[in-house]
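Read the structure below first, then the notes.
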Amino acid sequence: MTAIAHAIPVPDLTDDSLAAVTAEVAATAEEYDRTGAVPVLGLAAAHRAGLLTATVGRQYGGPGAGPRDTARILTALGEGDPSVALIAANTLMAHAAQAANPHWPRELYDDLLERSLAGPAPVNAIRAEPELGAPARGGLPKTTVRRTGSGWVLDGHKSYATGGEALAYHVVWAVAAEPGGDPEAPRVGHVIVPADRPGITWVDTWDHLGLRASNTHDVIYQGVELPADAFVEIPRGPDGVYRDPAATTAPGGFGHPALYLGVAKAARRAFADFARSRVPGALGRPIATTERIQSVAGEIDLQIAQAETLLHGALLRVEAGEESVLPQLPVIKVAIARAVVAAVQTAVAALGNPALSRRNALERHLRDVLCVRVHPPQEDAALAAAGRRVLGV
């Protein structure tokens, strides 16, 4: 069926425009970090700038932003408020996936786009479970979607569902329970769930060190009724084995390291602001004038440049169609994560106690940047996979 074109705005992705959004989002980041509330003002700013729908496919009337522009958007949002950026990253990845491989029921995706025109309409692929842990580590979900005469019924308990009650749609990872199904090899897939369906209950479990406003709570589904086309199967491999897509790194997955690059940039700015304003009595001039602090600033800049070059270099190669870079993407993500964490830790270590005060933004940036390590594939898995590839085992 032909896609319906919607009047999706084309965002201004010039450096100046993105910097303006960064500043607007940053203005409320500290407050949302303190309260843990949904960052509605930051999401509204991203929506007004057209950033939350930048990856909507051209076949739907969207801008069709590619991986590099998506990374620039998420770095800008991450520099302002990484909680906003994480919610945006999940949304942009959902739209990009739909553009590349349409799989949503048309009526539901049209509804999502209409909601996206009216205001922020976040989407998230909700996968983790309390007992299973990280899906990328293997195993199948206990969440089930049961076939009925008219559609499906969803039941289950999910954890780490970023976006919380701000979500417009849930894309829920589940096992199909259906007549004639193979109990030894059931169908596995995603269920497209409007967030306002009866039977959805949120449990406020998120009390994290970083990204405190991301509202990554638990959610329980009890008898959520859905139409017949709401279940989208994730096919097993040719060998009959189901492999979790989250266990690999695709170009779209670079949204996560991109947003933490933004956190490192925010830390660099906070370090420079403090260094220019701090005048110890014994020194009589700003510490920014000392060779020691200048060297530290240079080290921070080096680490950020390394991360940014790796990020955009990899995405340039992807956009150029270089398939040889694809197996390297997981370890490139690891290198980016190491660099952005090192940048923030270098700033904090150089300033000592003042950097760990809640009155200093560096303290928040440190907490936030440490969350980069939790996104799949985790470092140990990425390195082990790379090692097996290199060794041919």
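In UniProt numbering, the protein residues as written are 1 to 393. Where is the CB? At the ideal position from N, CA and C, for every residue including glycine.
Comparing alpha carbon positions, the residue from G80, G42, V318 closest to L259 is G80. Under a 10 Å Cβ-count criterion, E319 is classified as exposed, with fewer than 16 other Cβ atoms of the shown protein chains found around its own Cβ. Between P377 and P330, the gap from beta carbon to beta carbon is short of 8 Å.
Across the set A88, H217, L86, the C-alpha of H217 shows the shortest separation from the C-alpha of D207. For S150, the secondary structure class from DSSP, reduced to helix, strand or coil, is coil. Annotation for A20: the continuous alpha helix (DSSP H) segment containing it runs 15 to 26.
For the options D204, P238, A195, the alpha carbon positioned closest to that of V224 is the one of A195. Per the C-alpha coordinates, the member of A339, D229, L261 positioned closest to G149 is D229. Taking a 10 Å sphere around the C-beta of V172, we find 16 or more other C-beta atoms and assign the residue as buried. DSSP places S357 outside both helix and strand once states are collapsed to three, so it counts as coil. A19 counts as exposed, since fewer than 16 other beta carbons sit within 10 angstroms of its beta carbon. Shown here, L310 sits in a helix according to DSSP, grouped into three states.
Taking all protein chains in view, the Cβ of V21 is crowded by 16 or more other Cβ atoms within 10 Å, so the residue is classified as buried.
Rounded to the nearest angstrom, the gap between the Cα atoms of G151 and E308 is 46 Å. Secondary structure at L211: coil, using DSSP grouped into helix, strand and coil.
Looking at the DSSP output, N124 shares a beta bridge with H170. P227 is positioned such that its CB atom lies closer than 8 Å to that of P105. Between the alpha carbons of V372 and I87 lies a gap of roughly 14 Å. The beta carbon of I234 sits closer than 6 Å to the beta carbons of V188, G189 from its chain, once the five residues preceding and following it are set aside; these are given in chain order.
Beta-bridge partners assigned by DSSP to E225: V153. Between I300 and I293, the C-beta gap is not smaller than 8 Å, which leaves the two residues out of contact.
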